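S.K.:
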Ligand code: ADP
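If you want it as structure tokens, here you go:
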């Protein structure tokens, strides 16, 4: 069986897949590592448990996960050797990692070298890898990078128009994220349409708490809305997306904001939350907008408008598109957002069927465009864990 793990600074999310990556035998989350109120929530079949205990480190978290997986009542394996490989979600692989890779000492060193580019995420990923390797030393561990899928972007898409040598020296460029999701959705779209992925010119909208779009031509990423880090592009739950960098200097010089305050504002106090003043959750924004709350309506309109502009830009970049795909929490569940994004895009061949759009919620995949539209619009639920498990199975020689 293949264990997929996703380590954040205070969380470990995990899923245990069957060897053929067809079923999930168990899954769960360790939360608040190193904080008060830490828990393990674990589920195998219809057995669910929550353990509340002190979890001071990722190592203790992993021990709890293995114990839960081995448990007679709510476990999913009878022997730790039933785990034949471990797949790790890795956030930033810079321009070093262009695909998933078996983890060895060189990979660890290169991941360490990428820490300055992802100071919050990569150290957590590294801790997770080291702790999991200690507990499961005899099986292959594989790293699957959020950035890798976008390494096919041409220089004109990933270069910032800043001094070239400076950017080169400090590895400043567009990297893009959500790559594992885009890769899964791109493949699944081709499967659903029964067409070779090479025929598809797609814009994929990954709209979750974090959100980004990718222009995917023939299965390869040619542009994406996030950049060096994860705040630019479209507006998100609490992140701003694109804005004029002059605002940073203005807030610093005229309003006496420190860089830390500006950083927090851009990442944690902006987006849907910042504009609405109410919530970062699209469900609340939609309800409040429906009840006449003006700033929620503005947040909803702005969210859809920013996405719409990127779709236009990527259609231009690829010389037209034939598929538009929505995925992640908002993309998979919000007919209102999809309708607002597609409104007025008839000139690109994008029109949607209202009934099909309303029905595509809660994990349903399918086409929502009008039958005569030249662009096929789809909802395709993402599954990053499955993509990581598939890569792990392949690299570990299990498939
Ligand atoms: P993350 O980026 O954290 O993985 P998800 O992809 O799970 O996020 O998306 C979470 C977001 O999806 C929530 O913040 C919420 O705004 C949105 N969402 C979930 N269900 C619905 C729904 N029924 N309608 C509108 N938005 C929804």
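Numbering (the numbering used here), first residue to last: 98 to 496. For each residue, glycine too, the CB sits at the ideal point set by N, CA and C. As the structure is a prediction and not an experimental result, all values here were calculated from the model.
(1) Is residue 312 closer than 7 Å to residue 402 when the C-beta atoms are compared?
(2) Alpha carbon to alpha carbon, how far is residue 326 from residue 169?
(3) Considering only residues of the region 163-210, which uninterrupted beta strand (DSSP E) runs meet the minimum length of 3 residues and lie entirely inside it, listed in chain order?
(4) For the 8 Å Cβ check, are there 3 or more pairs between the region 359-371 and the region 318-336?
(5) Between the alpha carbons of residue 245 and residue 194, how many angstroms are there, rounded?
(6) Enumerate in chain order the residues of its own chain whose CB-to-CB distance from residue 415 is below 7 Å, with the five nearest sequence positions on each side excluded.
(7) Would you be able to state if there are at least three C-beta pairs under 8 Å between the region 255-275 and the region 442-451?
(8) Is there at least one non-hydrogen atom of the ligand FMN closer than 6 Å to the beta-carbon of residue 427?
(9) Quick one: residues in its chain with C-beta nearer than 8 Å to the C-beta of residue 386, no 5 flanking neighbours on either side, listed in chain order?
(10) Would you say residue 482 and residue 112 are within 7 Å of each other, going by their C-beta atoms?
(11) In the DSSP output, which residue or residues are listed as bridge partners for residue 123?
(12) So is the beta-carbon of residue 379 under 6 Å away from any non-hydrogen atom of the ligand ADP?
(13) Out of curiosity, what's the CA-to-CA distance linking residue 346 and residue 339?
(14) Straight-line CA distance for residue 163 to residue 427?
(15) Here's a check: name, in chain order, each residue in its chain whose Cβ is nearer than 8 Å to the Cβ of residue 172, leaving out the five neighbours to either side.
(16) If we call anything under 7 Å between Cβ atoms a contact, is residue 189 one with residue 215?
(17) Once DSSP output is grouped into helix, strand and coil, what is the label at residue 256?
(18) Quick check on residue 261: buried or exposed, where buried means 16 or more other Cβ atoms within 10 Å of its Cβ?
(19) Out of 98, 454, 432, 105, point me to the one whose CA is closest to residue 217's CA.
(20) Output yes or no for whether 7 Å exceeds the beta carbon distance between residue 274 and residue 243.
(21) Pick out whichever of 132, 103, 108, 197 has its Cα sitting closest to the Cα of residue 488.
(22) Pull up the distance between the alpha-carbon of residue 436 and that of residue 454, whole angstroms please.
(23) Could you pull the DSSP bridge partners for residue 320 from this structure?
(24) Does the beta carbon of residue 337 fall short of 6 Å from some heavy atom of the ligand ADP?
(25) For residue 355, count neighbouring Cβ atoms within 10 angstroms of its own Cβ and tell me buried if that reaches 16, exposed if not.
(26) For the ligand ADP, is there a heavy atom less than 6 Å away from the beta-carbon of residue 376?
(27) When every heavy atom of the ligand ADP is checked, does at least one fall within less than 6 Å of the C-beta of residue 307?
(28) Beta carbon of residue 227, beta carbon of residue 103: below 7 Å?
(29) How would you label residue 310, buried or exposed, when you count the other beta carbons within 10 angstroms and need 16 or more for buried?
(30) Ignore the nearest five residues each way along the sequence and tell me which others in residue 223's own chain have a CB closer than 8 Å to its CB.
(31) Which residues bound the alpha helix (DSSP H) around residue 439?
(32) Confirm, please, whether the CB-CB distance from residue 159 to residue 100 is below 7 Å.
M.R.: With the given structure in hand:
(1) no
(2) 43 Å
(3) 182-187
(4) yes
(5) 6 Å
(6) 298, 312, 314, 319
(7) no
(8) Among the ligands modelled here, namely the ligand ADP, the ligand FMN does not occur.
(9) 393, 394, 396, 397
(10) yes
(11) 113
(12) yes
(13) 15 Å
(14) 33 Å
(15) 123, 141, 165, 166
(16) yes
(17) coil
(18) exposed
(19) 105
(20) yes
(21) 197
(22) 8 Å
(23) 312
(24) no
(25) exposed
(26) no
(27) yes
(28) no
(29) buried
(30) 205, 208, 209, 212
(31) 432-439
(32) no
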